[in-house]
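Encoded as structure tokens, the structure appears first; notes follow it.
In the numbering used here, the protein residues as written are 4 to 248.
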């Protein structure tokens, strides 16, 4: 499957594999199962616990308001989870996929709201055919709601590739800035890269600061760069250069 290149606000390009149609369908099925379980509980309370006796005592307007309130979790399920858990519903979390902006920053509430509205067209018309056609035939695996908000759904299971424009591809003439990065093990660097990729996608400034602090402690170096991303990529490049010889 073709990779998607995301250019972040920090001038970083990350290549991701888009979530497959099958992954998105299974995630949708998991979410639908959770919502139907909630509806089943409501009907159980209505019938078995005789909530209907109190419900029937309301007039038509009051019954409509109570019904709407009870079904808020069902109606706004996707909007709530994607807005508050950084683009993942429980189904998406199970499948390890996530909604992201193509500009490289975290989707806003307005983006998730627009995607939620367009589900009426994408998912609930003609058995989800518009969504299926969009995901299969668009260059970035986008359904209509994704195209409108400039988002897509990516797989978090794939190996991501990060390229930074502060430095060119490494050559034999590359000058190492921090030789003591060799105090880091291959395992340490793998964890650092994974955490750094996640921090960029989530725009998590705190995580980047914590990574820098840990690198400074373990490798006995000092970050003298104004831009923390310049420091991070220098450390990664130094390590790659020194361990490739």
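Think of the CB as a built atom: it goes at the ideal place given N, C-alpha and C, for glycine as much as any other residue. Computed from a predicted model, the values in this text were never measured in an experiment.
When the distance is taken between beta carbons, is residue j closer than 8 Å to residue i?
| i | j | result |
| --- | --- | --- |
| residue 202 | residue 211 | yes |
| residue 90 | residue 110 | yes |
| residue 125 | residue 147 | yes |
| residue 214 | residue 198 | yes |
| residue 119 | residue 81 | yes |
Return the CA-CA distance between residue i and residue j, expressed in angstroms with no decimal places.
| i | j | result |
| --- | --- | --- |
| residue 159 | residue 66 | 43 Å |
| residue 235 | residue 106 | 21 Å |
| residue 135 | residue 34 | 17 Å |
| residue 196 | residue 238 | 10 Å |
| residue 64 | residue 72 | 13 Å |
| residue 68 | residue 192 | 55 Å |
| residue 77 | residue 145 | 24 Å |
| residue 87 | residue 228 | 33 Å |
| residue 39 | residue 112 | 25 Å |
| residue 127 | residue 102 | 19 Å |
How far does the alpha helix (DSSP H) with residue i in it reach, from first residue to last?
| i | result |
| --- | --- |
| residue 141 | Where residue 141 is concerned, there is no enclosing alpha helix (DSSP H), given that its DSSP letter is neither H nor E. |
| residue 245 | 231-246 |
What does the Cβ neighbour count give for residue i, buried or exposed, with the cut at 16 atoms within 10 Å?
| i | result |
| --- | --- |
| residue 94 | buried |
| residue 149 | buried |
| residue 140 | exposed |
| residue 188 | exposed |
| residue 232 | buried |
| residue 42 | exposed |
| residue 30 | buried |
For residue i, collect the residues of the same chain with a Cβ closer than 8 Å to its Cβ; drop the 5 residues on either side in sequence, then sort them by chain order.
| i | result |
| --- | --- |
| residue 179 | 241, 244 and 245 |
| residue 225 | 219 |
| residue 143 | 7, 21, 105, 149 and 155 |
| residue 121 | 146, 147, 148 and 151 |
Between which two residues does the beta strand (DSSP E) harbouring residue i extend?
| i | result |
| --- | --- |
| residue 104 | 100-104 |
| residue 156 | 154-158 |
Which same chain residues, not among the five before or five after residue i, have their C-beta less than 7 Å away from its C-beta?
| i | result |
| --- | --- |
| residue 26 | 98, 100 and 158 |
| residue 70 | none |
| residue 205 | 89 and 109 |
Might you give, ordered along the chain, the residues of its own chain that have their beta carbon closer than 6 Å to the beta carbon of residue i, omitting 5 neighbours on each side?
| i | result |
| --- | --- |
| residue 249 | Summary: the structure shown does not reach residue 249, with the chain confined to residues 4 through 248, and so no result is reported for it. |
| residue 84 | 92 |
| residue 230 | none |
How about residue i: is its C-beta nearer than 8 Å to some C-beta of chain B?
| i | result |
| --- | --- |
| residue 220 | Any reference to chain B falls outside this structure, which holds one protein chain only. |
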